[in-house]
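Engineer:
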Amino acid sequence: MKRRHFLQRSSTGALVVLSGKADQSWFDSHELVNLTILHTNDMHSRIEPFPMDGSRNEGLGGVAKRSSLIQRIRNQEPNVLLLDAGDIFQGTPYFNFFEGEVEIKAMSMMKYDAATIGNHDFDGGMDNLKSQMSKASFPMINCNYDFSHTVMHDQVLPYKVFHKAGIKIGVTGVGIKLESLVPKNLTRETQYLDPVAHAVKTASLLKNELNCDYVICLSHLGYKYKEEYIDDIKFASRSTNIDLIIGGHTHTFLREPEIVANANNEAVIVNQVGWAGIMLGRLDIQFERSRKNSCVSCKNLFVKNL
Amino acid sequence: MKIHWILFICLLFSSCQKHWQVAEVDPESYRFDKYNKVKADSSLVAFIEPFKQQLDKEMNEVIGEVAVPLIKNRPESTLGNFLADLILSQAEKCSGVSIDFAVQNYGGIRVPEVGAGPFTKSKAFDIMPFDNMITVIEAKGTVVRQLCNRMAQSNGWPISKSMQLVVDDGQLTDVYVHGEALNDSKTYVFALPDYVANGGGQCDFLIEQKRLPCHVLVRDAIINHVRELTTAGEKITATLTDRIISK
Numbered sequence: 230m231k232r233r234h235f236l237q238r239s240s241t242g243a244l245v246v247l248s249g250k251a252d253q254s255w256f257d258s259h260e261l262v263n264l265t266i267l268h269t270n271d272m273h274s275r276i277e278p279f280p281m282d283g284s285r286n287e288g289l290g291g292v293a294k295r296s297s298l299i300q301r302i303r304n305q306e307p308n309v310l311l312l313d314a315g316d317i318f319q320g321t322p323y324f325n326f327f328e329g330e331v332e333i334k335a336m337s338m339m340k341y342d343a344a345t346i347g348n349h350d351f352d353g354g355m356d357n358l359k360s361q362m363s364k365a366s367f368p369m370i371n372c373n374y375d376f377s378h379t380v381m382h383d384q385v386l387p388y389k390v391f392h393k394a395g396i397k398i399g400v401t402g403v404g405i406k407l408e409s410l411v412p413k414n415l416t417r418e419t420q421y422l423d424p425v426a427h428a429v430k431t432a433s434l435l436k437n438e439l440n441c442d443y444v445i446c447l448s449h450l451g452y453k454y455k456e457e458y459i460d461d462i463k464f465a466s467r468s469t470n471i472d473l474i475i476g477g478h479t480h481t482f483l484r485e486p487e488i489v490a491n492a493n494n495e496a497v498i499v500n501q502v503g504w505a506g507i508m509l510g511r512l513d514i515q516f517e518r519s520r521k522n523s524c525v526s527c528k529n530l531f532v533k534n535l
Numbered sequence: 357m358k359i360h361w362i363l364f365i366c367l368l369f370s371s372c373q374k375h376w377q378v379a380e381v382d383p384e385s386y387r388f389d390k391y392n393k394v395k396a397d398s399s400l401v402a403f404i405e406p407f408k409q410q411l412d413k414e415m416n417e418v419i420g421e422v423a424v425p426l427i428k429n430r431p432e433s434t435l436g437n438f439l440a441d442l443i444l445s446q447a448e449k450c451s452g453v454s455i456d457f458a459v460q461n462y463g464g465i466r467v468p469e470v471g472a473g474p475f476t477k478s479k480a481f482d483i484m485p486f487d488n489m490i491t492v493i494e495a496k497g498t499v500v501r502q503l504c505n506r507m508a509q510s511n512g513w514p515i516s517k518s519m520q521l522v523v524d525d526g527q528l529t530d531v532y533v534h535g536e537a538l539n540d541s542k543t544y545v546f547a548l549p550d551y552v553a554n555g556g557g558q559c560d561f562l563i564e565q566k567r568l569p570c571h572v573l574v575r576d577a578i579i580n581h582v583r584e585l586t587t588a589g590e591k592i593t594a595t596l597t598d599r600i601i602s603k
């Protein structure tokens, strides 16, 4: 087990993590379980590390090293979820020559649990995406693309529930607007639907009807735009029932995850780890099984003075 | 009386009902660089090997030499200028007509930098992994102005040296082609990736414009151009020439 520290914002920041001091009474028997979420985004077919050519990224990344590290973490932690936020394809000759087979098979060997669909995952066309996903040991999850009139109609899950040591984790996913971003001959009859409305609806189902303890949304919307386009920050602030957004698309290297107040003033964590498999993100989420309002070890992520 | 007992038991049960609550969250990230001592997973290495061999045979051919590092940046950059200029010269070769200017959409360039030294075929794939074709368009100055407005709004796209944009706080103020102010009623011939010609990057207004025949991938254009430089005994280089002036 590794050293623990807490998400924190500076005193000027509106969002803080404080240690809530709960009285530890004799009847407060509590059970702690650690869930380890590992995540990547925008791998862009970077199978080998960047070439040693004197450029800024030389030697960075590579699936073989990533696989070893994931294996090491799995050996230390019993409850691991490995997730990807899309744009698995496009960026090196591996995709031009092998059409995504190497990427999907490598991810399957690393035992990814789920991925969402990025705009570049359409680059080989829908038939190719379908045929590559048939080689995957993990599902594609998305709730705001309507694939019903395409070959992908039975290939994508709107959500999936994972069980880890008694904890139920619901995972859904959202994708970016495709018009003007992906050529129409690649997306065909795919319909883009409002990501916030569909994610919120799916998250409500996961939390309130399927009784998930934690809801994660994989997002390929992008971290933050000045313009009015929907991004992960706006999405988080308008959402409910989502605890964590694992983002992609903008290739943003966040120094630390960002905490955003949702529509009910509850904390949502937003994270993204660059691109090309240069980094692997990790969030250890410690759950306590306790009566409501009596969580002994809760260091509540909460939102102050908004 | 009985119902009260049931109620009481229910209340007791619900108050004791336990839930999983998030106690704390501990973020961390790992960077795969030379300081990261994790060993490569031999099963992944073995899986990749046959694919890698096939690619290496094709991709490791050195086709040119980069004299100075080429950087991708906004509004103007050496890598952007290199690409826009070669799109122009290769489009002229493939269409057989004189091209007024060329454009490469910024987002279509997929590396932040090309280091100095040998230029392998794989570098062309890194820069331009997409199978974008060069498209030659013939259109009025009004359409060119729309395109320039779009480029100004997105803080500048690579353009060939025959074009100059003046931008004031994201708004286009002036356009020059071959040193002359853009004439809205004149017809211009220009080259850009089909991604943009087909409306990508919010350029819907290009979809219906007249196209002249030219059939070459942007990536192949890069490879052809680099081979031509090498044959002529030249290295790959580019400079900044004030193509986009921000006021």
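Line order of the protein sequences matches chains A and B.
If you're matching positions, the first sequence starts at 230 in my numbering and goes up one per residue.
If you're matching positions, the second sequence starts at 357 in my numbering and goes up one per residue.
C-beta atoms are modelled at their ideal positions from N, C-alpha and C, and glycine is treated no differently.
Under 8 Å by Cβ, that's how I've got residue 398/A and residue 459/A pegged, so tell me the actual separation to the nearest angstrom.
Structural biologist: Reading the first sequence from its first residue, position 169 is the one you call residue 398/A. Reading the first sequence from its first residue, position 230 is the one you call residue 459/A. Contact doesn't hold; Cβ gap of about 24 Å is too wide.
Engineer: From which residue to which residue does the alpha helix (DSSP H) around residue 479/B run?
Structural biologist: Locating residue 479/B in the second sequence gives position 123, counting from the first residue. 477-483 is the span of the alpha helix (DSSP H), which, as asked, contains residue 479/B.
Engineer: Starting from residue 465/A and walking both ways along the alpha helix (DSSP H), at which residues does that stretch end?
Structural biologist: Indexing the first sequence from 1 puts residue 465/A at position 236. Per DSSP, residue 465/A belongs to the alpha helix (DSSP H) from 461-467.
Engineer: Could you tell me whether any Cβ in chain B is nearer than 8 Å to the Cβ of residue 298/A?
Structural biologist: Along the first sequence, one-based indexing puts residue 298/A at 69. Yes, residue 298/A lies at the interface with chain B (some Cβ there is under 8 Å from its Cβ).
Engineer: How about residue 396/A and residue 264/A: do their beta carbons lie closer than 8 Å?
Structural biologist: Your numbering for residue 396/A matches position 167 in the first sequence. Your numbering for residue 264/A matches position 35 in the first sequence. Going by C-beta atoms, residue 396/A is nearer than 8 Å to residue 264/A.
Engineer: Near residue 251/A, which residues of its chain fall below 6 Å by C-beta distance, leaving aside the five closest residues on each side in sequence?
Structural biologist: By one-based count along the first sequence, residue 251/A stands at place 22. At residue 251/A, the pLDDT of 41 sits below 50, so the modelled position is not reliable and the matter cannot be decided from this model.
Engineer: Output yes if chain A places a C-beta closer than 8 Å to the C-beta of residue 388/B; else output no.
Structural biologist: As a first step, residue 388/B is located in the second sequence; it is residue number 32 there, counting from the start. Closer than 8 Å: yes.
Engineer: To which residues of the same chain is residue 524/B closer than 8 Å at the C-beta, ignoring the five residues directly before and after it?
Structural biologist: As a first step, residue 524/B must be located in the second sequence, where it is residue number 168. Hits under 8 Å: 602, 603.
Engineer: Roughly how many angstroms lie between the CA atoms of residue 296/A and residue 389/B, to the nearest whole one?
Structural biologist: For the purposes of this step, residue 296/A is taken as residue 67 along the first sequence, with counting starting at 1. For the purposes of this step, residue 389/B is taken as residue 33 along the second sequence, with counting starting at 1. Roughly 14 Å between the two C-alpha positions.
Engineer: Less than 8 Å between the C-beta atoms of residue 557/B and residue 463/B, yes or no?
Structural biologist: Numbered from its first residue, the second sequence carries residue 557/B at position 201. Numbered from its first residue, the second sequence carries residue 463/B at position 107. Yes, the pair counts as a contact, with Cβ atoms nearer than the cut-off.
Engineer: Rounded to whole angstroms, what is the Cα-Cα separation between residue 488/B and residue 548/B?
Structural biologist: By one-based count along the second sequence, residue 488/B stands at place 132. By one-based count along the second sequence, residue 548/B stands at place 192. Answer to the nearest angstrom: the Cα atoms are 9 Å apart.
Engineer: Hey, would you say residue 270/A sits closer than 8 Å to residue 477/A, going by beta carbons?
Structural biologist: Taking the first residue of the first sequence as position 1, residue 270/A is located at position 41. Taking the first residue of the first sequence as position 1, residue 477/A is located at position 248. Yes, the Cβ-Cβ distance between residue 270/A and residue 477/A is below 8 Å.
Engineer: Against chain A, with Cβ distances strictly below 8 Å, would residue 408/B count as a contact?
Structural biologist: Position 52 of the second sequence, counting from 1, holds the residue named residue 408/B. Closer than 8 Å: yes.
Engineer: Exposed or buried, what is residue 379/A when buried is set at 16 or more other beta-carbons lying within 10 Å of its beta-carbon?
Structural biologist: In the first sequence, counting from the first residue as 1, residue 379/A sits at position 150. Classification of residue 379/A: buried, given that the 10 Å Cβ count is 16 or more.
Engineer: Just the C-alpha distance for residue 371/A and residue 433/B, rounded to the nearest angstrom, thanks.
Structural biologist: Sequence index remark: in the first sequence, residue 371/A carries index 142 (1-based). Sequence index remark: in the second sequence, residue 433/B carries index 77 (1-based). Cα to Cα, residue 371/A sits roughly 37 Å from residue 433/B.
Engineer: Can residue 420/B and residue 475/B be called in contact, C-beta distance under 8 Å?
Structural biologist: By one-based count along the second sequence, residue 420/B stands at place 64. By one-based count along the second sequence, residue 475/B stands at place 119. It is a contact, given that the beta carbons lie within the stated cut-off.
Engineer: Between residue 506/A and the rest of its own chain, which residues show a CB-CB distance below 8 Å, the 5 nearest in sequence each way excluded?
Structural biologist: Indexing the first sequence from 1 puts residue 506/A at position 277. 269, 272, 275, 290, 291, 292, 295.
Engineer: Please report how far the alpha carbon of residue 253/A lies from the alpha carbon of residue 338/A, in whole angstroms.
Structural biologist: Sequence index remark: in the first sequence, residue 253/A carries index 24 (1-based). Sequence index remark: in the first sequence, residue 338/A carries index 109 (1-based). Interpretation of residue 253/A is limited by its pLDDT of 43, a score under 50 that renders its predicted location unreliable; no figure is taken from the coordinates.
Engineer: In chain order, what residues of the same chain lie with their CB nearer than 6 Å to the CB of residue 331/A, ignoring the 5 residues before and after it?
Structural biologist: Stepping through the first sequence from its first residue, residue 331/A is reached at position 102. Hits under 6 Å: 276, 323.
Engineer: Look at residue 458/B and residue 546/B and say whether their C-beta atoms are less than 8 Å apart.
Structural biologist: Position 102 of the second sequence, counted from the start, is the residue given in the question as residue 458/B. Position 190 of the second sequence, counted from the start, is the residue given in the question as residue 546/B. Result yes, Cβ atoms of residue 458/B and residue 546/B sit closer than 8 Å.
Engineer: DSSP three-state label for residue 501/A, please.
Structural biologist: Here the question's residue 501/A lines up with position 272 in the first sequence. Coil.
Engineer: For residue 492/B and residue 569/B, I'd like the C-alpha separation in whole angstroms.
Structural biologist: Walking along the second sequence from the start, residue 492/B turns up at place 136. Walking along the second sequence from the start, residue 569/B turns up at place 213. Distance between the alpha carbons of residue 492/B and residue 569/B is about 7 Å.
Engineer: Can you find the residues in the same chain that come closer than 8 Å, C-beta to C-beta, to residue 567/B, ignoring five residues on each side of it along the sequence?
Structural biologist: Your numbering for residue 567/B matches position 211 in the second sequence. Excluding sequence neighbours, residue 567/B sits near 491, 492, 493, 494, 553.
Engineer: Flag this pair as touching only if the stretch 428-443 of chain A and the stretch 494-503 of chain A have three or more C-beta atom pairs under 8 Å; answer yes or no.
Structural biologist: Contact between the stretch 428-443 of chain A and the stretch 494-503 of chain A is absent, because fewer than three Cβ pairs lie under 8 Å.
Engineer: Indicate whether at least one CB of chain A lies closer than 8 Å to the CB of residue 562/B.
Structural biologist: The count along the second sequence starts at 1 and reaches residue 562/B at position 206. No, its Cβ sits nowhere closer than 8 Å to a Cβ of chain A.
Engineer: Residue 400/B touches chain A at which residues, Cβ-Cβ below 7 Å?
Structural biologist: Here residue 400/B is taken as the residue at index 44 of the second sequence, counted from 1. Those within 7 Å of residue 400/B in chain A are 292, 293, 296, 335, 338.
Engineer: Here's the rule: buried if 16 or more other CB atoms are within 10 angstroms of the residue's CB, otherwise exposed. What is residue 594/B?
Structural biologist: As a working note, residue 594/B is residue 238 in the second sequence. Per the 10 Å Cβ criterion, buried.
Engineer: Report the option in 440/B, 599/B, 409/B whose CA atom is closest to the CA atom of residue 581/B.
Structural biologist: Here residue 581/B corresponds to residue number 225 of the second sequence, with the count starting at 1. Answer by Cα proximity: 440/B.
Engineer: Got a sec: which bits of the stretch 433-452 of chain B sit with their beta carbon under 7 Å from any beta carbon on chain A, in order along the chain?
Structural biologist: Taking 7 Å as the Cβ-Cβ cut-off against chain A, none of the residues of the stretch 433-452 of chain B qualify.
Engineer: To the nearest angstrom, report how far apart residue 518/B and residue 543/B are at their CA atoms.
Structural biologist: Taking the second sequence and counting its residues from 1, one reaches residue 518/B at position 162. Taking the second sequence and counting its residues from 1, one reaches residue 543/B at position 187. Straight-line Cα distance between these residues: approximately 16 Å.
Engineer: Output, in sequence order along the chain, the residues in the stretch 429-445 of chain A whose CB is closer than 9 Å to any CB in chain B.
Structural biologist: Listed in sequence order: 442, 443.
Engineer: Considering only the alpha carbon of each residue, which of 537/B, 453/B, 391/B lies closest to residue 500/B?
Structural biologist: Looking up residue 500/B in the second sequence gives position 144. Measuring from the Cα of residue 500/B, the nearest candidate turns out to be 537/B.
Engineer: Buried or exposed for residue 349/A, going by 16 or more other Cβ atoms inside 10 Å?
Structural biologist: Here residue 349/A corresponds to residue number 120 of the first sequence, with the count starting at 1. Classification of residue 349/A: buried, given that the 10 Å Cβ count is 16 or more.
Engineer: Helix, strand or coil: how does DSSP classify residue 465/B here?
Structural biologist: Your numbering for residue 465/B matches position 109 in the second sequence. Note: residue 465/B maps to coil in three-state DSSP.
Engineer: Quick one: what does DSSP say residue 563/B is sitting in, helix, strand or coil?
Structural biologist: Translated into positions along the second sequence, residue 563/B becomes position 207. Here residue 563/B sits in coil by DSSP.
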